[in-house]
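See structure below.
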Amino acid sequence: MGQRLSGEWRGWRAAAEEALYGADGFYRRPEGPAAHFRTSVHASPLFAAAVARLLCLLDEALGRPAELTFVDMAAGRGELVAGVLDALPGDVAARTRACAVEVAGRPPNLDPGIEWLAEPPEKITGLLFANEWLDNVPVEVAEADADGVPRLVLVRRDGTERLGEPVTGTDAAWLERWWPLSAEGARAEIGAPRDSAWAAAVATVERGLAVAVDYAHRAEARPPFGTLTGFRAGRECAPVPDGSCDITAHVALDACALPGARLLTQRDALRALGITGARPPLTLASTDPTAYVRALAHAGAAAELTAPGGLGDFGWLLQPVGVPEAALAGLEGS
Ligand SMILES: C[S@@+](CC[C@H](N)C(=O)[O-])C[C@H]1O[C@@H](n2cnc3c(N)ncnc32)[C@H](O)[C@@H]1O
264 MGQRLSGEWR GWRAAAEEAL YGADGFYRRP EGPAAHFRTS VHASPLFAAA VARLLCLLDE
324 ALGRPAELTF VDMAAGRGEL VAGVLDALPG DVAARTRACA VEVAGRPPNL DPGIEWLAEP
384 PEKITGLLFA NEWLDNVPVE VAEADADGVP RLVLVRRDGT ERLGEPVTGT DAAWLERWWP
444 LSAEGARAEI GAPRDSAWAA AVATVERGLA VAVDYAHRAE ARPPFGTLTG FRAGRECAPV
504 PDGSCDITAH VALDACALPG ARLLTQRDAL RALGITGARP PLTLASTDPT AYVRALAHAG
564 AAAELTAPGG LGDFGWLLQP VGVPEAALAG LEGS
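In short: position in the sequence shown from 1, add 263, done, that's our numbering.
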């Protein structure tokens with residue numbers, strides 16, 4: 264223990280696992296993620312309304328099953344699942360089994376109709392939705408040395424780093440395939456554990472759709488020095504694996520994608536689900552001022568959720584399972 268406190272060298276995966284999810288980990292703290300950063304879920308109820316709309320489209324495609332499951336994967340304090348339930352039409356809500364999957368404990372005052380689970384339920388018919396989960400699945404960090412050889416980055420509890428052994432095995436194969444490194448000092452986050460975590464989550468869907476939404480990058484434009492960073496009390500900070508801050512890195516969503524997946528931006532996904540940042544006509548201000556103000560607030564929230572350089576650039580990975588192509592028509596991606 265003394266050794267760990269004073270500075271055992273470990274790979275970033277083990278260090279972040281303990282810092283985020285260990286007994287005193289950041290995500291087990293009582294204040295919850297919303298005290299430290301703002302996700303689309305916190306930004307506006309329009310986000311939950313759009314997810315509810317997606318669930319309704321899927322419900323139709325699935326032939327309106329007797330039980331339609333909605334899984335809020337990595338649910339934080341259950342804000343999304345509660346918002347989706349609120350936004351669903353009564354007849355769909357009545358058939359919906361609502362589940363939150365979280366490492367942290369059930370929050371007080373959550374709708375008792377929402378199941379609070381440590382793992383996603385098996386064999387669901389419905390929608391598994393993971394907003395900002397995969398960026399918090401801990402990964403190793405690699406850095407190319409002077410000879411261009413990718414080495415594991417080791418870290419101490421205070422955040423100091425040094426290079427370790429060359430990357431080998433599955434991690435080396437992942438780097439080679441998805442994020443090759445050669446220039447000295449170039450860094451990458453090795454996404455293999457995220458690919459596995461996503462595949463396991465998708466495997467719980469028997470019929471329906473799994474969606475991962477996150478900060479993302481693609482093979483043609485990986486960030487040359489990686490994206491590992493921290494967040495504490497609303498501000499970005501150095502990633503220090505001592506349990507005091509979030510530790511996050513953008514997600515190689517293209518590597519997570521399984522056959523049949525679609526990748527699109529949040530901007531395109533939300534527009535397809537009816538969320539646009541269009542301002543109301545000025546004439547409404549004189550004919551119905553209250554409606555104008557409401558529409559203006561709606562447009563402002565929609566603009567934040569779809570903003571270039573912000574939440575609008577997030578990636579949506581859609582993974583249909585046993586639903587006809589036509590069901591997702593309109594959600595065009597590449
Ligand atoms: C960035 S927060 C996102 C919370 C929420 N989805 C939102 O968008 O506001 C990430 C959450 O994922 C949870 N988490 C991470 N890995 C998990 C896992 N394997 N199973 C369940 N929850 C997990 C964390 O505890 C944390 O609450």
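Where is the CB? At the ideal position from N, CA and C, for every residue including glycine.
Since this is a predicted model, take the numbers as computed values, not measurements.
Check	Outcome
Run through the DSSP bridge pairs and tell me what residue 335 is partnered with.	363 and 392
Around the Cβ of residue 545, are there at least 16 other Cβ atoms within 10 angstroms (buried) or fewer (exposed)?	exposed
So, under 8 Å CB-CB, residue 454 and residue 515 are touching, yes? Tell me the CB distance rounded to an integer number of Å.	4 Å
By DSSP, does residue 282 sit in helix, in strand, or in coil?	helix
Would you say the segment 272–289 touches the segment 501–508, given that touching needs at least three Cβ pairs under 8 Å?	yes
Using a Cβ-Cβ cut-off of 6 Å (strictly less than) and excluding sequence neighbours within five positions of residue 300, which residues of its own chain qualify?	494
In its own chain, which residues sit with a C-beta less than 8 Å from the C-beta of residue 597, not counting the 5 before and 5 after it?	Because residue 597 sits at a pLDDT of 43, beneath the cut-off of 50, its placement in the model cannot be relied upon, and the point is left open.
What does the alpha-carbon distance come out to for the pair residue 374 and residue 339?	15 Å
Mind checking who residue 494 pairs with in its DSSP beta bridge?	499 and 509
Are residue 343 and residue 311 closer than 8 Å when you measure CB to CB?	yes
Sort out for me which residues DSSP pairs residue 477 with in a bridge.	578
Apart from the five residues on each side of it in sequence, which residues of its chain come closer than 7 Å, Cβ to Cβ, to residue 574?	303, 306, 529, 567 and 568
Does the distance between the C-beta of residue 490 and the nearest non-hydrogen atom of ligand 1 fall short of 7 Å?	no
What is the C-beta distance between residue 425 and residue 417, in whole angstroms, given that I count them as a contact (C-beta under 8 Å)?	5 Å
With burial defined as no fewer than 16 other Cβ atoms inside 10 Å of the residue's Cβ, what is the status of residue 484: buried or exposed?	exposed
Determine whether the beta carbon atoms of residue 539 and residue 512 lie at a separation below 8 Å.	no
Thinking just about the alpha-carbon of each residue, which of 583, 355 and 443 is nearest to the one in residue 466?	583
Quick one: grab the DSSP three-state call for residue 433.	helix
Under DSSP, the beta strand (DSSP E) around residue 556 begins and ends at which residues?	Segment 552–568 is the alpha helix (DSSP H) holding residue 556; no beta strand (DSSP E) there.
What are the boundary residues of the alpha helix (DSSP H) that residue 457 is part of?	455–465
Taking 7 Å as the cut-off, is the beta-carbon of residue 338 closer than that to any non-hydrogen atom of ligand 1?	yes
Which same chain residues end up closer than 7 Å to residue 287 when comparing Cβ atoms and leaving out the 5 residues on each side of it in sequence?	506
Report yes or no: do the segment 394–411 and the segment 351–363 share at least 3 C-beta pairs separated by less than 8 Å?	no
Report the rounded CA-to-CA distance for residue 266 versus residue 419, giving the unit in angstroms.	Residue placement at residue 266 is flagged as unreliable, the pLDDT there being 47, under the threshold of 50; the coordinate-derived value follows with that caveat. Going by the C-alpha atoms only, they are around 10 Å apart.
Work out the CA separation of residue 393 and residue 274 for me, nearest whole Å.	26 Å
For residue 556 versus residue 471, is the C-beta distance shorter than 8 Å?	no
Mapping DSSP to helix, strand and coil, what is residue 586?	coil
Is it the case that the CB of residue 569 approaches a heavy atom of ligand 1 more closely than 7 Å?	no
On the criterion of 16 or more Cβ atoms from any shown chain inside 10 Å, does residue 398 qualify as buried, or is it exposed?	buried
Quick check: the Cα distance between residue 520 and residue 534, rounded to an integer number of angstroms?	22 Å
Anyone know if the C-beta pair for residue 388 and residue 423 falls short of 8 Å?	no
Please classify residue 382: does DSSP put it in a helix, a strand, or coil?	coil
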